[in-house]
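Some notes on the structure that comes next.
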DNA sequence: GTCTATATTCCGATAGAC
DNA sequence: GTCTATCGGAATATAGAC
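Protein chains in written order, with UniProt numbering: chain A, 1 to 200; chain B, 1 to 200.
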């Protein structure tokens, strides 16, 4: 349960920045827009943060942490390796909004700054490692065949999600995202060993 | 062989815009930067184009057409369905630069404009359709099993490429792109019927 | 067709009152 | 801590000479 006290200016600034970075990206987000959404004055922002980039860093770190928790709740759940990957892929998403962290990889100022890129690197590195663990465990338990190598399979699964967003936004339609997920799930389902095919 | 005459101002403007949209995106690209790279004055640009968005439209259309030709040269090549998909996926790419069209899907002004989004939609729609054709042909010829459905498999293949760029840029390293491609290729290779496994 | 000059608005940050 | 006032520069476009 979250506390219901009115939020402080600093917290409102971070949350507004999270939203705006998601909607408009780093270049497209101005301090002015952040202030207006947060409902605070300029002095307040420059008191708590040195400027736009420091505020963005706080927002990106927060968002990355939230995504990590969400992914772990699927990948760390019950069931076979296939079930857990499927839970992650089929998780409810507002597809047309895209991935708030994946989006940052298209922002020049973010990628060129070691500090701003670090949370992106950390999140996607963790994600691929976590999915690889699940795949490796499935292979150890004999649920899955030895192909593909866990790291490669994990990269493919993570890429399908990120690429699914791209295809969906290009079409202004979530359908390509869903199709891509179904495609990779069908491929993965075919790697299940006989006797473990409880679903799909 | 392309003609070697000095290029006109209009052509130089389009090419400069193509480069800058790739590097910086739509919001991050200013008319001033375009002019400087093209080596022309402001009056020249506003003579040939009504403004930034019309110039961007010309550049995006041009880039999409170029990508389409490049993809077709792989997907329309010789070999089995698997070979042609592999040729497309393993094609030489400057991974860290990302996809010049996929990038546009993260640009709010592009996606919100029906006119600017249209070439993106057209390209990715065509790409998925073309890959689906190749997969369907492989199934008809008995090279591939019936799973996944061609449209789903095609979406997954296209998504792996776009998502691979995202993962690679987050890591500032092409390796995740290559891993994702290897992953989906291993999954696809497992769908080949006995007797057609000439590679992989 | 192409150039330079100018206009208007926004960006990102600083100064200093309260 | 938070506010308003202000600054130097860039973004996008227009005006008008050549």
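Ideal placement from N, C-alpha and C gives every residue a C-beta, glycine not left out.
Flag residue i as yes if its beta-carbon sits less than 8 Å from any beta-carbon of chain A, otherwise no.
i, result
"residue 194 of chain B", "no"
"residue 138 of chain B", "no"
"residue 97 of chain B", "no"
"residue 108 of chain B", "yes"
"residue 28 of chain B", "yes"
"residue 24 of chain B", "yes"
"residue 130 of chain B", "no"
Classify residue i as helix, strand or coil using the three-state DSSP reduction.
i, result
"residue 7 of chain B", "coil"
"residue 192 of chain A", "strand"
"residue 101 of chain A", "coil"
"residue 197 of chain B", "coil"
"residue 169 of chain B", "helix"
"residue 94 of chain A", "coil"
"residue 78 of chain A", "coil"
"residue 49 of chain B", "coil"
"residue 119 of chain A", "helix"
"residue 176 of chain A", "helix"
"residue 43 of chain B", "helix"
"residue 156 of chain A", "helix"
Taking DSSP's pairing of strands, which residues face residue i in a bridge?
i, result
"residue 15 of chain A", "Beta-bridge pairing links residue 15 of chain A to no other residue."
"residue 144 of chain B", "B:192"
Are there 16 or more other CB atoms within 10 angstroms of the CB of residue i, so buried, or fewer, so exposed?
i, result
"residue 150 of chain A", "buried"
"residue 78 of chain B", "exposed"
"residue 176 of chain A", "buried"
"residue 76 of chain A", "exposed"
"residue 119 of chain B", "buried"
"residue 30 of chain A", "exposed"
"residue 46 of chain B", "exposed"
"residue 143 of chain B", "buried"
"residue 7 of chain B", "exposed"
"residue 164 of chain B", "buried"
"residue 71 of chain B", "buried"
Using 8 Å as the limit for Cβ to Cβ distance, is residue i near chain B?
i, result
"residue 111 of chain A", "yes"
"residue 174 of chain A", "no"
"residue 83 of chain A", "no"
"residue 31 of chain A", "no"
"residue 105 of chain A", "yes"
"residue 187 of chain A", "yes"
"residue 92 of chain A", "no"
"residue 36 of chain A", "no"
The alpha helix (DSSP H) spanning residue i covers which residue range?
i, result
"residue 26 of chain A", "Residue 26 of chain A -> no alpha helix (DSSP H), and no H or E assigned at all."
"residue 73 of chain B", "52-75"
"residue 107 of chain A", "No alpha helix (DSSP H) contains residue 107 of chain A, which DSSP labels as neither H nor E."
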